[in-house]
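Asker: All residue numbers for the sequence shown refer to our numbering, where the first residue is 8 and numbers rise by one.
My questions will all concern the structure given below.
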Amino acid sequence: MSVNIKEKIIDAIDVETVILSESEDEAREIGLSFMKSLGFDDVDVVFVEHSGFSARIRLRTYIHRPGDRYAWLSTGGALK
8 MSVNIKEKII DAIDVETVIL SESEDEAREI GLSFMKSLGF DDVDVVFVEH
58 SGFSARIRLR TYIHRPGDRY AWLSTGGALK
């Protein structure tokens with residue numbers, strides 16, 4: 008059985024990590040590029056804090072934003 012995992016995610020995926028960077032701006036750029044390299048297009052930077060040689064960053068990619076058409080609703084509301 009082939010399952011599209013993205014169809015099982017209701018809202019978003021958060022990724023939090025520490026990135027080697029010279030500034031918050033560079034960390035944002037690296038973080039957004041990383042998420043796009045994974046195939047995610049709708050990405051927000053939720054949090055970034057630079058300290059010394061690195062930045063802690065939390066990125067959120069939306070699979071479904073509020074008000075989107077949800078796949079499970081098109082099946083009559085049944086989850087499979």
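C-beta atoms are modelled at their ideal positions from N, C-alpha and C, and glycine is treated no differently.
Tell me whether the segment 14 to 29 and the segment 37 to 56 touch, counting them as touching only if at least three CB pairs, one residue from each stretch, are closer than 8 Å.
Answerer: Yes, the segment 14 to 29 touches the segment 37 to 56.
Asker: Whole angstroms are fine: how far does the CA of Leu27 sit from the CA of Glu14?
Answerer: Taking the first residue of the sequence shown as 1, we reach residue 14 at position 7. Taking the first residue of the sequence shown as 1, we reach residue 27 at position 20. Approximately 33 Å, taken between the alpha carbons.
Asker: Drop a sphere of 10 angstroms on the beta-carbon of Leu64, count the other beta-carbons inside from all chains shown, and report buried for 16 or more, exposed for fewer.
Answerer: Translated into the one-based positions of the sequence shown, residue 64 becomes position 57. According to the sequence displayed, residue 64 carries Ile and not Leu. With 16 or more Cβ atoms within 10 Å of its Cβ, Ile64 is classed as buried.
Asker: Spatial neighbours of Met42 within its chain, please: CB distance less than 6 Å, with the 5 preceding and 5 following residues excluded, ordered by chain position.
Answerer: Counting from one through the sequence shown, the residue named residue 42 turns up at place 35. Answer for Met42: Val50, Leu66 and Thr68, listed in chain order.
Asker: With distances taken from CA atoms, which of Ile17, Val10 and Ser9 is nearest Arg76?
Answerer: For the purposes of this step, residue 76 is taken as the residue at position 69 of the sequence shown. When only C-alpha atoms are compared, the closest one is Ile17.
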